[in-house]
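S.K.:
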Amino acid sequence: HHQVHGLSGFARLGDIVEQPGHAGARRGEIVKIGRDEAVVAPFERSADSGIGDAVFRRGPLVVAPHASWRGRTIDALTRAIDGGPPLARGDDTSRGAQTTPGAMARQRVGTAFMTGVKVIDIFTPLCFGQRLGIFAGSGVGKSTLLAMLAGADAFDTVVVALIGERGREVREFLEDTIGDSMAKTIAVVATSDESAMMRRRAPDTAMRVAEHFRDQGHRVLLVLDSITRFAHALREVATGTGEPPVARGYPASVFTELPKLLERAGPGTEGKGSITAIISVLVDGDDHNDPVADSVRGILDGHVVLDRTIAEQGRYPPVNPLSSISRLAGKAWSVEQRALVTRLKSMISRFEDTRDIRLLGAYQGGVDAELDIAVRQVPLIY
Numbered sequence: 013h014h015q016v017h018g019l020s021g022f023a024r025l026g027d028i029v030e031q032p033g034h035a036g037a038r039r040g041e042i043v044k045i046g047r048d049e050a051v052v053a054p055f056e057r058s059a060d061s062g063i064g065d066a067v068f069r070r071g072p073l074v075v076a077p078h079a080s081w082r083g084r085t086i087d088a089l090t091r092a093i094d095g096g097p098p099l100a101r102g103d104d105t106s107r108g109a110q111t112t113p114g115a116m117a118r119q120r121v122g123t124a125f126m127t128g129v130k131v132i133d134i135f136t137p138l139c140f141g142q143r144l145g146i147f148a149g150s151g152v153g154k155s156t157l158l159a160m161l162a163g164a165d166a167f168d169t170v171v172v173a174l175i176g177e178r179g180r181e182v183r184e185f186l187e188d189t190i191g192d193s194m195a196k197t198i199a200v201v202a203t204s205d206e207s208a209m210m211r212r213r214a215p216d217t218a219m220r221v222a223e224h225f226r227d228q229g230h231r232v233l234l235v236l237d238s239i240t241r242f243a244h245a246l247r248e249v250a251t252g253t254g255e256p257p258v259a260r261g262y263p264a265s266v267f268t269e270l271p272k273l274l275e276r277a278g279p280g281t282e283g284k285g286s287i288t289a290i291i292s293v294l295v296d297g298d299d300h301n302d303p304v305a306d307s308v309r310g311i312l313d314g315h316v317v318l319d320r321t322i323a324e325q326g327r328y329p330p331v332n333p334l335s336s337i338s339r340l341a342g343k344a345w346s347v348e349q350r351a352l353v354t355r356l357k358s359m360i361s362r363f364e365d366t367r368d369i370r371l372l373g374a375y376q377g378g379v380d381a382e383l384d385i386a387v388r389q390v391p392l393i394y
């Protein structure tokens, strides 16, 4: 972080400052204001900054989405990074800081839609405007499941935010996994080697883009991978300003920023569209009760748990239907479907509870009729 003195005008948190240079202007964001100085976190890592260098305040970052952005890949500062022509800019008069729609001004959550992923459609069905978390440890397959969900045909526009991903995987993910859906997709990318400020800013940029198309009446799908790396970036920036950690190294401001971001998704106001958000949560050390996972789980409208044990058995996507829940499933299921899903979960639970007994050879058919049905049917279900 850099300390800046003598800015003209009144600086505000979130304002952008710019430092001219021979290789082009470098930008940073004001993240802390003291009595006579401002602390600026740079977007680009650079060794060129020195004591006494001049900087200029540029006001808040303006994000001005345009319909032509669909099919493009941008960074957190809305610069094209796909080698294409410069991005057109939309009407930026209202593209300042966004506010969450009021609780009573929002529409109600819409109807259910099919994702094409059978285990999701059966056990944790989704509705337009819902926010769903995919909780998994590293290497379990959450990015693959996210890509499957991003290909759903029910949406007009898809916004994909890749936060802290490996640089080599971005192009493969967009070209191979997203594939034909890329024509209606806007990708916002901040790779793991970029600064914490770029990883911190990228989810906000993606949300602003999604809000723009929602306000145009679109049904928008926002895919964010992953919210945990966003939290890591928040932690890095906050500790750099001197904020003390309170929960496993996370400062308190992290748990303020998470709901501020996620609550912006969901149904829009009357006459507008909706943002359906699918958020991946990288569970550190496979601990599903770590502070970030626990906080996000309480904000979202449901969660899908990917189980490493199921993945190790070669069953993909490795969704654990007993640990996964959709809080809006009641809007998607009919009475008959609810009864069927309850029956399926009961069978799966019975099957898993008796796994050790069956592996030891102690299971005998004909003794427990319910268990006999579970043994026959569950391997066909998942």
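For reference, each letter of the sequence shown is one residue, going 13 to 394 in the working numbering.
Quick reminder that beta carbons are idealized off the backbone N, C-alpha and C, glycines included.
Since the model is a prediction, treat every value here as computed from it, not as a measurement.
(1) Alpha carbon to alpha carbon, how far is Q11 from G377?
(2) Out of curiosity, what's the CA-to-CA distance linking R107 and N332?
(3) Which ranges would you report for the alpha helix (DSSP H) in the region 110-138 if only whole runs of at least 4 residues count?
(4) Taking the CB atoms as reference points, tell me whether T85 and V201 lie closer together than 8 Å.
(5) Q31 lies in the beta strand (DSSP E); which residues open and close that run?
(6) Counting C-beta neighbours from all protein chains within 10 Å, is the total for G261 16 or more, i.e. buried, or is it exposed?
(7) Should D298 be labelled buried (16 or more other beta-carbon atoms within 10 Å of its own) or exposed?
(8) So, at 6 Å on beta carbons, what are the nonlocal neighbours of R388 in its own chain, with the 5 sequence-adjacent residues on each side left out?
(9) Are there 16 or more other CB atoms within 10 angstroms of the CB of D205, so buried, or fewer, so exposed?
(10) Quick one: Cα of R362 to Cα of K284, how far?
(11) Of all the options D365, S286 and L246, which has the alpha carbon lying nearest to the alpha carbon of F267?
(12) Could you tell me which of A386, M116 and L340 sits nearest to R7, measuring between CA atoms?
(13) Tell me the DSSP secondary structure of V304 in three-state form.
(14) Might you give, ordered along the chain, the residues of its own chain that have their beta carbon closer than 8 Å to the beta carbon of G179, omitting 5 neighbours on each side?
(15) Would DSSP call Q389 helix, strand or coil?
(16) Can you give the Cα-Cα distance for H230 and A92, rounded to whole angstroms?
(17) Does any CB atom of chain B fall closer than 8 Å to the CB of G33?
(18) Could you round the C-beta distance between I28 and G71 to whole angstroms and report it? I think they count as a contact, below 8 Å.
(19) Pull up the CB-CB distance for F185 and P215, whole angstroms please, since I reckon it's below 8 Å.
(20) Does DSSP put R107 in a helix, a strand or coil?
(21) Is I63 helix, strand or coil when you go by DSSP?
(22) Out of R24, I337, G145 and A341, which one is the CA nearest neighbour of F125?
(23) Suppose the cutoff is 6 Å on Cβ atoms and the five residues either side in sequence are ignored; what does the same chain contact list for L294 look like?
(24) If we count Cβ pairs, one from each stretch, closer than 8 Å, do we get three or more for the region 308-325 versus the region 137-146?
(25) Ordered along the chain, which non-local residues of its own chain (more than five positions away) have a Cβ less than 6 Å from that of F225?
(26) For L312, which residues from the same chain have a beta carbon less than 6 Å from its beta carbon, with the 5 sequence-adjacent residues on both sides left out?
(27) Check for me: the beta strand (DSSP E) holding S292 runs from which residue to which?
(28) Taking DSSP as the reference, what is the three-state secondary structure of H224?
(29) Can the beta-carbon of V75 be found closer than 8 Å to that of T217?
(30) Can the beta-carbon of A199 be found closer than 8 Å to that of L234?
(31) Thinking V121 and K343 are a contact (beta carbons under 8 Å), I'd like their distance in whole angstroms, please.
(32) Can you tell me whether P97 is buried or exposed, with buried defined as 16 or more other CB within 10 angstroms of its CB?
(33) Write down the C-beta distance between P330 and G62 rounded to the nearest angstrom, noting that I regard them as a contact closer than 8 Å.
(34) At which residues does the alpha helix (DSSP H) containing A162 begin and terminate?
M.R.: Let me lay it out:
(1) It is not possible to answer for residue 11, since the shown part of the chain is limited to 13 through 394.
(2) Residue numbering aside, residue 107 sits at position 95 when the sequence shown is read from its first letter. Residue numbering aside, residue 332 sits at position 320 when the sequence shown is read from its first letter. With a pLDDT of only 48 at R107, under the threshold of 50, the placement of this residue in the model should not be trusted; the figure read from the coordinates follows. Roughly 40 Å between the two C-alpha positions.
(3) Under the rule that a run must span 4 or more residues, the alpha helix (DSSP H) segments found entirely inside the region 110-138 read 130-135.
(4) Mapped onto the sequence shown, residue 85 falls at position 73. Mapped onto the sequence shown, residue 201 falls at position 189. Yes; because the gap between Cβ atoms is below 8 Å, this pair is in contact.
(5) Taking the first residue of the sequence shown as position 1, residue 31 is located at position 19. Judged by DSSP secondary structure, Q31 falls within the beta strand (DSSP E) whose first and last residues are D27 to Q31.
(6) Here residue 261 corresponds to residue number 249 of the sequence shown, with the count starting at 1. By the neighbour-count rule (16 or more Cβ atoms within 10 Å), G261 is not buried but exposed.
(7) To locate residue 298, count along the sequence shown from 1; it is residue 286. Per the 10 Å Cβ criterion, exposed.
(8) Position 376 of the sequence shown holds residue 388. Around R388: no qualifying Cβ.
(9) Looking up residue 205 in the sequence shown gives position 193. By the neighbour-count rule (16 or more Cβ atoms within 10 Å), D205 is not buried but exposed.
(10) As a position in the sequence shown, residue 362 is number 350, starting the count at 1. As a position in the sequence shown, residue 284 is number 272, starting the count at 1. For R362 and K284, the distance between alpha carbons rounds to 45 Å.
(11) To locate residue 267, count along the sequence shown from 1; it is residue 255. Of the candidates D365, S286 and L246, the one whose C-alpha sits nearest the C-alpha of F267 is L246.
(12) Shown here, the chain extends from 13 to 394; a query on residue 7 therefore has no answer.
(13) Taking the sequence shown and counting its residues from 1, the one referred to as residue 304 is at position 292. Of the three classes helix, strand and coil, the one that applies to V304 here is helix, per DSSP.
(14) What you label residue 179 is simply residue 167 of the sequence shown in a count that begins at 1. Non-local C-beta neighbours of G179 in its own chain, meaning closer than 8 Å and more than five positions away in sequence, comprise T203, S204 and D205, ordered along the chain.
(15) Taking the first residue of the sequence shown as 1, we reach residue 389 at position 377. Looking at Q389 - three-state DSSP - the assignment turns out to be helix.
(16) Translated into the one-based positions of the sequence shown, residue 230 becomes position 218. Translated into the one-based positions of the sequence shown, residue 92 becomes position 80. H230 and A92 have their C-alpha atoms some 23 Å from each other.
(17) Note that chain B does not occur in the displayed structure, where there is just one protein chain.
(18) Taking the first residue of the sequence shown as position 1, residue 28 is located at position 16. Taking the first residue of the sequence shown as position 1, residue 71 is located at position 59. Under the criterion of beta carbons closer than 8 Å, I28 and G71 qualify as touching, at roughly 7 Å.
(19) Locating residue 185 in the sequence shown gives position 173, counting from the first residue. Locating residue 215 in the sequence shown gives position 203, counting from the first residue. Rounded, the Cβ-Cβ distance is 17 Å, inconsistent with contact.
(20) In the sequence shown, residue 107 corresponds to position 95, counting from 1. Caution is warranted here: a pLDDT of 48 is assigned to R107, below 50, making its placement in the model unreliable, and no coordinate value can be reported.
(21) Numbered from its first residue, the sequence shown carries residue 63 at position 51. Annotated three-state conformation of I63 is coil, per DSSP.
(22) As a working mapping, residue 125 is identified with position 113 in the sequence shown. Comparing Cα-Cα distances from F125 to each of R24, I337, G145 and A341, the minimum goes to A341.
(23) Within the sequence shown, the letter at position 282 stands for residue 294. S238 and T240, listed in sequence order.
(24) With the cut-off at 8 Å, the region 308-325 and the region 137-146 touch.
(25) Against the sequence shown, residue 225 aligns to sequence position 213. So the qualifying residues of the chain are T169 and V232.
(26) For the purposes of this step, residue 312 is identified with residue 300 of the sequence shown, where counting begins at 1. Only residues of its own chain outside the window of five on either side were considered, and among them R143 and G145 have a CB closer than 6 Å to the CB of L312, listed in chain order.
(27) On the sequence shown, residue 292 is found 280 positions in, with the first residue counted as 1. S286 to L294 is the span of the beta strand (DSSP E), which, as asked, contains S292.
(28) For the purposes of this step, residue 224 is identified with residue 212 of the sequence shown, where counting begins at 1. When DSSP states are grouped into helix, strand and coil, H224 belongs to the helix group.
(29) Here the question's residue 75 lines up with position 63 in the sequence shown. Here the question's residue 217 lines up with position 205 in the sequence shown. Between V75 and T217, the CB-CB gap stays under 8 Å.
(30) To locate residue 199, count along the sequence shown from 1; it is residue 187. To locate residue 234, count along the sequence shown from 1; it is residue 222. Between A199 and L234, the C-beta gap is not smaller than 8 Å, which leaves the two residues out of contact.
(31) Taking the sequence shown and counting its residues from 1, the one referred to as residue 121 is at position 109. Taking the sequence shown and counting its residues from 1, the one referred to as residue 343 is at position 331. With a Cβ gap of about 7 Å, V121 and K343 count as contacting.
(32) Translated into positions along the sequence shown, residue 97 becomes position 85. The residue in question, P97, is exposed, as its Cβ has fewer than 16 Cβ neighbours within 10 Å.
(33) Within the sequence shown, residue 330 is the residue found at index 318, counting from 1. Within the sequence shown, residue 62 is the residue found at index 50, counting from 1. That belief does not hold up - the Cβ atoms of P330 and G62 are roughly 51 Å apart, past 8 Å.
(34) Mapped onto the sequence shown, residue 162 falls at position 150. Where A162 is concerned, the enclosing alpha helix (DSSP H) stretches over K154 to A162.
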